[in-house]
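Under this note's numbering, the first residue of the sequence shown is numbered 505, with each subsequent residue one higher. By construction, the Cβ of each residue, glycine as well, lies at the ideal position given by its N, Cα and C atoms. Note that the coordinates shown come from a computational prediction; the quantities given were computed from them, not determined experimentally. Written below as structure tokens is the structure these notes are about.
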Amino acid sequence: MALAFRNTLALVMLWLLPPQSVAGPGYLACYYGCLGVCFTAGVAAAGICPPAGLSGAAACTSGCAAACTPTLLACFSEDTRVQVLNGTGVAVVPLSAVAPGQRLWSFYQSKPLAVKVLENQRLQGNFSFVELVVVSGDQRFSLAITESHNMPRLRRSAPELREAHLEVATAEELRVGDIVATGVSRLGFGVVSELRRMQKSVKHVLTTETGSVVANNILSSTICDGRDDIYNRSSWLVTLNQWQALHEERLKQM
Ligand SMILES: *[C@@H]1O[C@H](CO)[C@@H](O)[C@H](O)[C@H]1NC(C)=O
Ligand SMILES: *[C@@H]1O[C@H](CO)[C@@H](O)[C@H](O)[C@H]1NC(C)=O
Ligand SMILES: *[C@@H]1O[C@H](CO)[C@@H](O)[C@H](O)[C@H]1NC(C)=O
């Protein structure tokens, strides 16, 4: 059944994605494509059979996340802390305590924004991480992300510290001396002062509705699938807009 399920997904991904991205299919595109298949009459015929005790759709959708999560997919370390809105306040919690539907702080067009969590999956394996240490004034932050995780970084040619001058780089493309964005109470900037490589046995695939989040006080994307040239990587804001447009139809259904 697992094999049939994956084969069906391969087909789904082919019609869902623009051709140039087939080599590096996005998790969300796959996931929502999979959910789509789960709610069509063809499910049984496609070989996605519900185990006893579950309704057809529930059984099918519960398989989607696993089927769409290749172990290569990037993301965050499980001890990453994010700011979650709880009632009238904000609580700082580890990613392992975050559920879909909750709202986390991010920044968008320089304004703080509470963004809805679409997905937060804990995966076990052997993952290659990059931990960056960022110095911003007298503060010091660190964040561990998988090596192909996408991060906003100030362009080397940027004339000033502004969100509009951020580009997109994978964690393994970051270098000591690069400038990244921080977000404690407002959008700020800091210098990457150290980069460390490490293996971790758990990672979290977190996706928010804007494609961004403030994690350990560092602004990060939740676009976790490595280099994908369907996005204009020379602009962080354009990339987020493109990501949102690409997922708009699916986001409406959340
Ligand atoms: C929100 O989080 C704070 C800090 O963790 C906690 O003290 C407070 O009880 C929480 N409020 C709600 C409504 O959960
Ligand atoms: C994890 O992967 C790294 C790099 O590929 C490798 O050196 C290491 O031996 C692996 N560890 C385990 C426990 O498989
Ligand atoms: C990417 O975005 C930047 C900033 O908006 C723009 O100047 C550039 O022309 C764009 N590149 C492409 C290939 O669309």
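Distance check for residue j and residue i, CA to CA, integer angstroms please.
| i | j | result |
| --- | --- | --- |
| R626 | H751 | 22 angstroms |
| I588 | N630 | Per the sequence presented here, residue 588 reads as Val, with Ile not at that position. C-alpha separation (whole angstroms): 28 angstroms. |
| T544 | G591 | Because the pLDDT of T544 is 47, which lies under 50, any placement of that residue in the model is unreliable, and the number read from its coordinates should be weighed accordingly. If I take the Cα positions, the gap works out to 37 angstroms. |
| N654 | L691 | 18 angstroms |
| E648 | D583 | A quick correction: the sequence has Ala, not Glu, at residue 648. Going by the C-alpha atoms only, they are around 9 angstroms apart. |
| A675 | R659 | 15 angstroms |
| V638 | Q746 | 28 angstroms |
| G661 | L670 | For clarity, residue 661 is Ser in the given sequence; the question names Gly instead. Cα-Cα distance, rounded: 10 angstroms. |
| P529 | S640 | Residue confidence for P529 is low, a pLDDT of 42 falling below 50, so the modelled location carries little weight and cannot support an answer. |
| K620 | N721 | 18 angstroms |
| L710 | T726 | 6 angstroms |
| L723 | L608 | 12 angstroms |
| L599 | Q643 | 22 angstroms |
| N624 | E651 | 18 angstroms |
| Y735 | A685 | 20 angstroms |
| R585 | A618 | 15 angstroms |
| Q748 | A719 | 20 angstroms |
| Q628 | D732 | 24 angstroms |
| V688 | S697 | 18 angstroms |
| L622 | R657 | 24 angstroms |
| L744 | V672 | 10 angstroms |
| A603 | C579 | 16 angstroms |
| E677 | A601 | 29 angstroms |
My understanding is that residue i touches residue j, with C-beta atoms under 8 angstroms, so please give their C-beta distance in whole angstroms.
| i | j | result |
| --- | --- | --- |
| A581 | K707 | First, the amino acid is wrong: residue 581 is Ser here, not Ala. That belief holds up - the Cβ atoms of S581 and K707 are roughly 7 angstroms apart, short of 8 angstroms. |
| G694 | F645 | 7 angstroms |
Tell me whether residue i, by its Cβ, gets closer than 7 angstroms to a heavy atom of ligand 4.
| i | result |
| --- | --- |
| R607 | Of the ligands one can find in the structure shown, namely ligand 1, ligand 2 and ligand 3, none is ligand 4. |
>> Give the list of continuous alpha helix (DSSP H) stretches no shorter than 4 residues that lie fully inside the region 710-756.
In response: 740-756
> Can you list, in chain order, every residue whose CB sits closer than 7 angstroms to a heavy atom of ligand 2?
Replying inline: N630, S632 and Q703
>> Check whether the region 600-617 and the region 632-648 are in contact - that is, three or more C-beta pairs closer than 8 angstroms.
In response: In short, these stretches do not touch, since the Cβ pair count stays below three.
>> Residues around ligand 3, please: the condition is that the C-beta lies closer than 7 angstroms to some non-hydrogen atom of it.
In response: N736, S738, S739 and V742
> Is it a yes or a no for the region 581-600 touching the region 677-684, going by three-plus beta-carbon pairs under 8 angstroms?
Replying inline: No: the two stretches stay apart, fewer than three of their Cβ pairs being nearer than 8 angstroms.
> Can at least three beta-carbon pairs, one atom from the region 700-707 and one from the region 731-751, be found at a separation below 8 angstroms?
Replying inline: They do not touch, by the three-pair rule.
> What are the uninterrupted segments assigned as beta strand (DSSP E) that are 3 or more residues long and contained completely in the region 676-700, given in chain order?
Replying inline: 683-687
>> So, does the region 658-666 touch the region 715-722, judging by three or more C-beta pairs under 8 angstroms?
In response: Because the criterion of three Cβ pairs below 8 angstroms is not met, the region 658-666 and the region 715-722 do not touch.
>> My parser needs the alpha helix (DSSP H) runs of 4 or more residues fully inside the region 602-673; what are they?
In response: Fully enclosed alpha helix (DSSP H) runs of 4 or longer: not present.
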